[in-house]
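Chains A and B, in that order, are what the protein sequence lines are. Mapping the first sequence onto the working numbering, position 61 (from 1) lands on 61, and the numbers just tick up by one. Mapping the second sequence onto the working numbering, position 72 (from 1) lands on 72, and the numbers just tick up by one. For every residue, glycine included, the Cβ atom is placed at its ideal position computed from N, Cα and C. All remarks here apply to the structure that follows.
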Amino acid sequence: MSTNKLQKAAAKRNQKSLLLRAEPYLWILPSIILMAIFIVVPIGYVFYMSVSDISKAGRVKGFAGLENFEKVVTSAKFAMVLKNTVIWTIAVVVLSTVLGFILALLLNNNFKGRKVARAIVVFPWATTLVIQASTWKFIIDTDYGALNTLLKSLGIISANVNWTPTPEAFFAWEIACGIFVTIPFVCFTALSGLQSIDESYYEAATVDGANYWQKLFNITLPLVKPSLTVATVLNIIYVFNSFPIVWTITKGDPASRTDTLVTYLYKLAFYNGKQGEAAAVSVIGFMILLVCASVYMVSTLKKGED
Amino acid sequence: MKRILAIALAAVMTLSLAACGAKKEEAPAASAPAASAPAATEKVEVNMIAAQYGTQTADWWADFVAKFNAANENINLVVDVVSWNDIYTVVNTRIANNEAPDLLNIDVFADYQADGLLLPAEEWVSEETYAKFYEAFLDQSVVDGTVWAVPDLASARALYYNVDILNEVGVSVPTTWDELMDVAQKIYDFYGGEVYPWGVDMTTDEGQACFAYYIWNNGGDFTDAEGNWTLNSPENVEAIKFIINMVNAGLTNSDPANETRYDNQDMFGAGKVAMMIGPNSIPTYCSVGGYDVNYAVASIPVNGDNTSVSAGVMDRIMCFDNDYTEAELAAVTAVVDAFYDDEPYSEWVLMEDFLPATSAGGEAMAAANPESAAWIEIVGSAKFYPTAKAEWADVKQGVIDVLQQALLGGDVQTLLDDLQAEIAG
């Protein structure tokens with residue numbers, strides 16, 4: 001009888017441990033299914049489109065190999081658009097990180113109205129990008145813009161100034177708008193990092209006679225670095241893929257001089273009806289971001305091992 | 001026990017997710033306005049996607065559907081009204097999923113025709129309805145000698161000018177390009193640059209219209225009589241050089257590559273732009289926008305002794321080839337007949353402030369508003385974009401690009417030669 005009982009007990013244990021082992025997977029199953037439906041399937045479909053011959057009406061006509069990629073890469077505009085995208089991403093991410101960090105340092109101080117100031121910083125972030133971009137477009141408009149009206153009423157200028165005489169100037173304004181809306185995110189990530197720093201470090205440093213800059217570079221920066229790194233990587237992805245600002249202000253005009261990859265592929269897909277080529281641009285963008293993200297992941301994982 | 005509960009919960013979540021997925025696919029049918037709900041086993045369903053022209057479009061269609069379904073017990077008409085921003089994506093997705101609508105109201109048709117997705121108009125439009133259309137309009141939807149779509153409405157362009165400004169400067173409305181340059185310069189000098197003499201839109205929004213205004217009024221065209229592309233013809237090059245020169249001379253709004261027609265219309269309404277080429281809907285645009293501008297309408301100026309040509313824009317209704325039974329095709333025809341019936345059709349055109357595509361609609365409009373009679377005449381003689389040609393999407397983007405490159409200092413001849421080579425091969 002004992003063997004029988006033991007067997008039963010063992011079987012029960014087995015069953016239990018199987019359940020135990022399966023449990024975590026069951027818990028994450030909904031997320032996996034969600035991710036599969038909303039992330040993996042669309043990405044897979046874009047890859048499929050990028051190697052397909054697609055008619056203007058959206059019908060897949062067959063396999064096209066790398067033809068779409070070849071057409072995209074050899075087109076006259078692609079290099080310029082890629083260059084714009086790199087400038088746009090680097091300028092917005094770097095400047096917003098620097099400015100956001102400085103703002104976080106300011107907001108980390110104790111001063112009257114700090115809560116209100118922090119709330120105000122959230123505004124650009126909490127407003128829809130299209131509204132933000134439309135507002136900027138309105139501010140810099142030559143004929144009825146707020147900037148010209150303000151400067152005129154202050155007597156600084158007598159006639160309207162064209163703030164966007166060249167495509168480069170337009171692009172610079174778009175970058176400024178991008179920085180403005182990205183600062184809050186960096187600021188709050190940095191602020192959360194700053195607040196987790198123990199005061200005793202600064203007290204010890206003060207006792208040792210360290211000045212403000214020494215404390216900033218030897219205590220604050222190293223301790224905030226992890227939060228800033230996360231913010232930067234997320235920002236690279238957001239900014240690289242950002243569509244509303246450029247689209248609302250210039251639509252990439254004139255002649256694609258202010259296009260980024262995302263606005264360019266939108267026009268390819270929905271204005272020129274070249275969905276295959278648009279998918280190819282999308283895949284190229286995805287690859288660039290994948291490389292950036294992988295470099296980051298590898299470097300942070302390495303640090304974890306160290 | 002807790003664990004079992006947890007597993008059960010996870011299973012329920014998973015199932016509900018799966019159910020969500022399934023529901024999503026059924027959504028188009030589920031969201032369709034089920035007009036009269038009884039178990040519609042023998043009912044023939046006609047599925048239509050219609051473009052949203054304005055704020056009243058959806059209501060108009062809902063009313064039309066209710067009336068139509070009440071009058072036709074064996075037909076269930078379902079109309080999805082989709083905004084212009086989304087309609088191409090929606091239609092292409094439906095086509096890709098083999099769920100093409102039966103009827104579609106949109107601007108372009110050539111891409112669908114090229115894929116063999118459409119039925120010839122004579123198969124689904126009754127003779128009675130077919131006879132109502134202006135011949136010139138039907139010609140715009142011909143490929144290989146067959147009419148593939150029928151026009152639902154049109155709009156036309158003409159010169160709008162601010163009467164007060166022209167009177168103050170002491171000039172009369174220009175009819176030729178020479179006069180235009182002269183008048184524009186005088187307006188510029190009079191106001192010291194505070195008023196833009198001439199409104200131009202070379203943006204991605206509608207730069208192709210700008211291209212058309214000048215080439216057509218210089219005797220040029222997108223194609224020759226045989227339908228071959230003639231983008232770099234001497235007339236076209238001369239026309240584009242003319243308008244680029246005008247921009248460079250400072251006689252237009254300051255940033256034509258980024259200021260859309262709507263920006264120009266706003267400036268025209270506010271008295272900041274003295275003259276512009278625009279659609280017949282400008283009066284409504286100005287009154288809705290609260291602008292009180294004293295304007296008048298004239299023919300678009302031409303180069304030399306060419307005849308003034310108005311630019312027409314036309315939208316269409318087309319029928320997808322969904323392997324219809326006789327009853328289904330008859331139902332489609334019934335819907336089309338009901339839409340073009342004089343009373344609802346006139347109401348539709350008047351509501352949207354467009355020009356009718358049928359003679360009966362034209363008469364109704366002229367009777368309702370005598371001023372519109374002139375417009376109906378203009379649209380009757382207008383030229384249209386060659387939208388029946390499969391390369392049109394590329395040409396449209398191409399000419400906008402040429403205009404914008406020329407603004408940046410590119411050579412018009414070289415740019416148009418390159419575009420011609422790219423399009424015509």
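Taking a Cβ-Cβ cut-off of 7 Å, the neighbours of A/Ala57 in chain B comprise Asn92, Ile95, Asp111, Tyr112, Asp115, Leu117, given in sequence order. Assignment of A/Thr182 by DSSP, reduced to helix, strand and coil, places it in the helix class.
Listed along chain A, the residues sitting closer than 9 Å to B/Lys272 by beta-carbon distance are Asp143, Tyr144. Residue state for B/Glu206 is assigned as coil, using DSSP reduced to three classes.
Between B/Ala327 and B/Val65, the C-beta spacing is not below 8 Å. Unbroken alpha helix (DSSP H) runs of no fewer than 4 residues, entirely contained in the stretch 84 to 134 of chain A, are found at 114 to 126, following chain order. Taking a beta-carbon distance threshold of 8 Å, A/Lys251 counts as an interface residue toward chain B. Near chain A, meaning a CB-to-CB distance below 7 Å, the residues of the stretch 252 to 286 of chain B are Ser254, Asp255, Ala257, Asn258, Met267, Lys272. A/Tyr202 has its alpha-carbon roughly 7 Å from the corresponding atom of A/Lys215. For B/Pro344, the uninterrupted alpha helix (DSSP H) segment begins and ends at 342 to 352.
Following the DSSP letters along the chain, one finds B/Ala327 inside the alpha helix (DSSP H) bounded by residues 326 to 339. Not one beta carbon of chain B lies nearer than 8 Å to the beta carbon of A/Thr128. Only Ala393, Asp394, Gln397, Asp401, Gln404, Gln405 from the stretch 388 to 405 of chain B bring a Cβ to less than 7 Å from some Cβ of chain A.
Residue contact with chain B for A/Thr149: absent (no Cβ-Cβ distance below 8 Å to any residue of chain B). Nearest CB-CB separation between B/Thr204 and chain A: below the 8 Å threshold. Between B/Asn303 and B/Trp392, the CB-CB gap reaches or exceeds 8 Å. For B/Tyr160, the pairing in a beta bridge is given by DSSP as B/Met276, B/Val297. Annotation: Cβ neighbours of B/Thr89 in chain A (cutoff 8 Å, chain order): Phe270. When Cβ-Cβ separations below 8 Å define contact, A/Pro254 makes contact with chain B.
In this structure, the alpha-carbon of A/Met49 lies about 17 Å from that of B/Val90. For A/Ile179, the CB contacts under 8 Å within the same chain, skipping 5 residues up- and downstream, are Ala91, Val92, Leu95, Ser96, Leu99 in chain order.
B/Ile75 is bridged by DSSP to B/Val44. Three or more beta-carbon pairs drawn from the stretch 161 to 177 of chain A and the stretch 244 to 258 of chain B are found closer than 8 Å, and the two stretches are therefore classed as touching. Counting every other CB atom within 10 Å of its CB across the protein chains shown gives B/Met275 a total of 16 or more, marking it as buried. For B/Leu408, the neighbours in chain A by C-beta distance under 9 Å run, in chain order, Thr166, Pro167, Pro254, Ala255, Arg257. The DSSP-derived three-state label of B/Pro197 is strand. Residues of the stretch 272 to 296 of chain A with a Cβ closer than 7 Å to any Cβ of chain B, in chain order: Asn272, Gly273.
Per the C-alpha coordinates, the member of B/Ile165, B/Gly116, B/Val169, B/Val313 positioned closest to B/Ala136 is B/Val313.
Among the CB atoms of chain B, none fall inside 8 Å of the CB of A/Asn84.
By the Cβ neighbour-count rule, B/Gln397 is buried, with 16 or more other Cβ atoms within 10 Å of its own. Under the three-state reduction of DSSP, B/Ile49 is assigned to strand. With fewer than three CB-CB distances shorter than 8 Å, the stretch 399 to 410 of chain B does not count as touching the stretch 151 to 163 of chain B. A straight line joining the alpha-carbon of B/Trp61 with that of A/Lys71 spans about 43 Å.
Its chain contains no residue whose beta carbon lies nearer than 6 Å to that of A/Ala36 once the 5 sequence neighbours on both sides are disregarded. Nearest C-alpha to B/Lys383 among B/Ala368, B/Asn72, B/Asn217: B/Asn217.
The beta-carbon distance between A/Glu174 and A/Ile245, rounded to whole angstroms, is 6 Å. This is short enough to meet the 8 Å contact definition.
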